[in-house]
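Asker:
2 protein chains.
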Amino acid sequence: MELDIAAFNDALGKNAVIILSCSCEIHYSGRAESFLGSGGRIIVIKADKTLLIHQPAGSNPINYMKEGTSYSLSRNEGKLVLRCSNIPLKEYMDIFISKVHSFQQLQMEDSAKIQLVGSERDMSDMIYGNPALIEPGFKPLSREEHTKYGFIDVFGYDKNNVLVVIECKRYTADLKAVDQLQRYVKKIKELKGLVKVRGIIAAPEISPNTLQMLKDNGFEYRKISPPKYLERFNKGQKSLGDYES
Amino acid sequence: MELDIAAFNDALGKNAVIILSCSCEIHYSGRAESFLGSGGRIIVIKADKTLLIHQPAGSNPINYMKEGTSYSLSRNEGKLVLRCSNIPLKEYMDIFISKVHSFQQLQMEDSAKIQLVGSERDMSDMIYGNPALIEPGFKPLSREEHTKYGFIDVFGYDKNNVLVVIECKRYTADLKAVDQLQRYVKKIKELKGLVKVRGIIAAPEISPNTLQMLKDNGFEYRKISPPKYLERFNKGQKSLGDYES
DNA sequence: GGGGAGAGATGCCGC
DNA sequence: GCGGCATTTCTCCCC
Numbered sequence: 001m002e003l004d005i006a007a008f009n010d011a012l013g014k015n016a017v018i019i020l021s022c023s024c025e026i027h028y029s030g031r032a033e034s035f036l037g038s039g040g041r042i043i044v045i046k047a048d049k050t051l052l053i054h055q056p057a058g059s060n061p062i063n064y065m066k067e068g069t070s071y072s073l074s075r076n077e078g079k080l081v082l083r084c085s086n087i088p089l090k091e092y093m094d095i096f097i098s099k100v101h102s103f104q105q106l107q108m109e110d111s112a113k114i115q116l117v118g119s120e121r122d123m124s125d126m127i128y129g130n131p132a133l134i135e136p137g138f139k140p141l142s143r144e145e146h147t148k149y150g151f152i153d154v155f156g157y158d159k160n161n162v163l164v165v166i167e168c169k170r171y172t173a174d175l176k177a178v179d180q181l182q183r184y185v186k187k188i189k190e191l192k193g194l195v196k197v198r199g200i201i202a203a204p205e206i207s208p209n210t211l212q213m214l215k216d217n218g219f220e221y222r223k224i225s226p227p228k229y230l231e232r233f234n235k236g237q238k239s240l241g242d243y244e245s
Numbered sequence: 246m247e248l249d250i251a252a253f254n255d256a257l258g259k260n261a262v263i264i265l266s267c268s269c270e271i272h273y274s275g276r277a278e279s280f281l282g283s284g285g286r287i288i289v290i291k292a293d294k295t296l297l298i299h300q301p302a303g304s305n306p307i308n309y310m311k312e313g314t315s316y317s318l319s320r321n322e323g324k325l326v327l328r329c330s331n332i333p334l335k336e337y338m339d340i341f342i343s344k345v346h347s348f349q350q351l352q353m354e355d356s357a358k359i360q361l362v363g364s365e366r367d368m369s370d371m372i373y374g375n376p377a378l379i380e381p382g383f384k385p386l387s388r389e390e391h392t393k394y395g396f397i398d399v400f401g402y403d404k405n406n407v408l409v410v411i412e413c414k415r416y417t418a419d420l421k422a423v424d425q426l427q428r429y430v431k432k433i434k435e436l437k438g439l440v441k442v443r444g445i446i447a448a449p450e451i452s453p454n455t456l457q458m459l460k461d462n463g464f465e466y467r468k469i470s471p472p473k474y475l476e477r478f479n480k481g482q483k484s485l486g487d488y489e490s
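Same order as they appear, the protein sequences are chains A and B. Quick note on numbering: the working numbering labels position 145 of the first sequence as 145, and the sequence is numbered without any gaps. To convert a position in the second sequence, counted from 1, into the working numbering, add 245.
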């Protein structure tokens, strides 16, 4: 099909969502540089002028531009070229379109915000509200502490009044989690002038190397999973519950 | 518009790319749990059965399902429901569609692979090929060393035959970069029985705190940017060069 | 806007 | 498959 440049510009001006399926070739220059040879793609320009280019498979866009990008569609010697530029970010893209399969513009509204449960923050809240999950006598002082020591998930005293730093991970704890814990514990020792500060990783799983490194540093592991309140809620419903039988 | 369930299933069977714009409500349950109230969205199901749901603004999909997901579209009491399940991953989604704005199926081919320049790997290659970028007399031994110590970007000897570990970052080096360097240097000292091993971060920028922590640990910083060969190539062309004037 | 850290991160590569 | 790590990461929060 033919793509009407005026219709495209009209859609841009109305902050419509544009969906273009086409064969194209892509040059990108910005934080890095890339080239993608010809193939079938879906190009989406959103109301906020975000650009996404998707191949027929895979989760991530193969190329993209951020919010606030400017677009200029032109026909040069019979070929369609979509030039994209984000001056403040110094990001540029040229899309050379050889064949347009479809063009669509949509006026859509969506003010809904997602509610998500099961994050690391939910884990630290759970531990804060139920400190026995760590051990008897654990007394949490704060959570998500954004201080100069670092951003500590949970921070408290054990039954012997020894300071405890807890790093939560919602997934398998890896070497980087120990790095982080180590950095926090070291900073706190320095700032408080303490010799003994305990470090604990709370996570549903931990890799063998990570457990080794944890022990080598005198730290501890607690097997704790993030809460999923909505899951419990859904168990009483037909919709998602069906899958769990 | 009305959505033809048979046409939808036909598109799925042909591994077409499906694009559906609609108003819908979304429940997700898997690694976490989420709920998203009604609003206008674009739903894409790719040839590999990846699902993406986009709101009219923002880079990232608000909900998604991974490759290999199964779909079942049905009409219950006049309402359209798209049930998505990925049994091996224990991920499930229910999409309650209140209004269909458009439906499209596309047969597309794309075997092109992206060429990208300016990655961390390109940086380590550049240093390996031009060791003077670090300092006179630096002799690199290997790059991207995948050993049990960790994955060291560049590894070599200085002019005094002291071992040097270099960690490259394509962007501003942060505290985690020092964590990583520290971990590598420590492991190498242990395994080789060395007292002195130098650690260097090579990055275009470094945050003040990071530089402080780097120095506190006796490590060094080299201001080096990742290479961008394609940019140089494009300077001679009209396309991307236009923007740089 | 920069810094610091999480993410339903994803993707890549190596074992 | 898991492990370890980069990413044009993106997003959020706080200073």
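Idealized CB from N, CA, C, for every residue including glycine.
Does DSSP put G13/A in a helix, a strand or coil?
Answerer: Here G13/A sits in helix by DSSP.
Asker: Taking Cβ positions only, does S124/A come closer than 8 Å to chain B?
Answerer: By this cut-off, S124/A is not an interface position.
Asker: Determine whether the Cβ of Y246/A lies closer than 8 Å to any Cβ atom of chain B.
Answerer: Outside the displayed span of chain A (1 to 245) sits residue 246/A, for which this structure offers no information.
Asker: Buried or exposed: where does S356/B fall if 16 or more other Cβ atoms within 10 Å of its Cβ makes it buried?
Answerer: Exposed: under 16 other Cβ atoms inside 10 Å.
Asker: Run through the DSSP bridge pairs and tell me what F348/B is partnered with.
Answerer: L265/B, per the DSSP bridge assignment.
Asker: I need the straight-line Cα distance from G438/B to V410/B, nearest angstrom please.
Answerer: One C-alpha to the other measures close to 15 Å.
Asker: Cutting at 8 Å between CB atoms, please list the residues of its own chain near F400/B, excluding the five before and the five after it.
Answerer: Only P385, L386, S387, R388, E390, L408, V409, V410, I411 meet the Cβ criterion.
Asker: Roughly how many angstroms separate the alpha carbons of A448/B and G258/B, rounded to a whole number?
Answerer: So the two alpha carbons sit approximately 48 Å from each other.
Asker: Does the beta carbon of T219/A come closer than 8 Å to any beta carbon on chain B?
Answerer: Looking at the sequence provided, one finds Phe at residue 219/A rather than Thr. By this cut-off, F219/A is not an interface position.
Asker: Tell me which residues of the stretch 31-44 of chain A have at least one Cβ-Cβ distance to chain B shorter than 9 Å, keeping chain order.
Answerer: Within the stretch 31-44 of chain A, the residues whose Cβ lies closer than 9 Å to some Cβ of chain B are R31, A32, E33, S34, F35, L36, G37, S38, G39, G40, R41, I42, V44, listed in chain order.
Asker: Out of S330/B, A277/B, S347/B, H346/B, state which residue places its alpha-carbon closest to the alpha-carbon of N339/B.
Answerer: A quick correction: the sequence has Asp, not Asn, at residue 339/B. Residue S330/B is the option with its Cα nearest to D339/B.
Asker: Taking Cβ-Cβ distances below 9 Å as the criterion, which residues of the stretch 88-114 of chain A are in contact with chain B?
Answerer: Answer in chain order: K90, Y92, M93, D94, F96, H101, S102, Q104, L106, Q107, M108, E109, D110, S111, A112, K113, I114.
Asker: How many whole angstroms separate the CB atoms of F8/A and L73/A, which I take to be in contact at a CB cut-off of 8 Å?
Answerer: Yes, they are in contact, since the Cβ atoms of F8/A and L73/A sit about 5 Å apart, within 8 Å.
Asker: Name the two residues that bound the continuous alpha helix (DSSP H) containing L175/A.
Answerer: From DSSP, the alpha helix (DSSP H) with L175/A extends over 175-192.
Asker: Output needed in chain order: residues of the stretch 206-217 of chain A with a Cβ under 9 Å from some Cβ in chain B.
Answerer: Answer in chain order: N209, M213.
Asker: Please report the straight-line C-alpha distance between E2/A and L248/B, rounded to a whole angstrom.
Answerer: Cα to Cα, the separation comes out at about 26 Å.
Asker: Please state the DSSP three-state secondary structure of E489/B.
Answerer: In this prediction, E489/B scores a pLDDT of 42, lower than 50, which makes its location untrustworthy; no coordinate-derived value is stated.
Asker: Indicate whether F211/A and G199/A have their beta-carbon atoms separated by less than 8 Å.
Answerer: According to the sequence as given, residue 211/A is Leu; it is not Phe. Going by C-beta atoms, L211/A is not nearer than 8 Å to G199/A.
Asker: Cβ atoms of A277/B and K99/A: under 8 Å apart, would you say?
Answerer: Result no, Cβ atoms of K99/A and A277/B do not sit closer than 8 Å.
Asker: In this structure, what does DSSP give as the bridge partners for Y337/B?
Answerer: Its beta-bridge partners are S274/B, S330/B.
Asker: So what does DSSP say about D216/A, is it helix, strand or coil?
Answerer: Three-state DSSP puts D216/A in a helix.
Asker: Give a yes or no on whether 8 Å exceeds the smallest Cβ distance from A7/A to chain B.
Answerer: Judged by the 8 Å Cβ criterion, A7/A is not in contact with chain B.
Asker: So the alpha helix (DSSP H) S124/A belongs to, where does it begin and stop?
Answerer: Segment 120-129, the alpha helix (DSSP H) holding S124/A.
Asker: Of the residues R428/B, I271/B, K294/B, G313/B, which one's Cα is nearest the Cα of F464/B?
Answerer: Checked all of R428/B, I271/B, K294/B, G313/B; the closest Cα to F464/B is R428/B.
Asker: Let me know the secondary structure DSSP gives A357/B once reduced to three states.
Answerer: Coil.
Asker: How many angstroms separate the CA atom of P333/B from the CA atom of S266/B?
Answerer: C-alpha separation (whole angstroms): 28 Å.
Asker: Report yes if the CB atom of N308/B is closer than 8 Å to the CB atom of Y273/B, and no otherwise.
Answerer: It is a contact, given that the beta carbons lie within the stated cut-off.
Asker: For K79/A, count the other beta carbons within 10 Å of its own beta carbon; 16 or more makes it buried, fewer makes it exposed. Which is it?
Answerer: By the 10 Å Cβ count, K79/A comes out exposed.
Asker: Starting from the C-beta of E120/A, find all residues in its chain whose C-beta is less than 8 Å away, skip the five residues before and the five after it, and write them out in chain order.
Answerer: Counting only Cβ-Cβ distances below 8 Å, and skipping sequence neighbours, we find D153, C168, K169, R170, P226.
Asker: Which residues, in chain order, does the stretch 248-273 of chain B contribute to contact with chain A at a C-beta distance below 7 Å?
Answerer: Going along the stretch 248-273 of chain B in chain order, one finds V262, I264, S266, H272 with a Cβ nearer than 7 Å to chain A.
Asker: Output needed for A173/A: all residues of its chain with C-beta closer than 6 Å, excluding positions within five of it in sequence on either side, in chain order.
Answerer: Cβ within range, chain order: I201, A203, I206, T210.
Asker: Please compile the residues from chain B whose C-beta is within a distance smaller than 8 Å of the C-beta of Y64/A.
Answerer: Those within 8 Å of Y64/A in chain B are S304.
Asker: K113/A to G303/B, Cα distance in whole Å?
Answerer: Between K113/A and G303/B, the C-alpha separation is close to 12 Å.
Asker: Please state whether the Cβ-Cβ distance between V44/A and I5/A is less than 8 Å.
Answerer: Against a cut-off of 8 Å, the Cβ pair of I5/A and V44/A comes out as no contact.
Asker: D179/A versus chain B: which residues are under 8 Å apart at the beta carbon?
Answerer: Simply K421, D424, Q425, Q427, R428.
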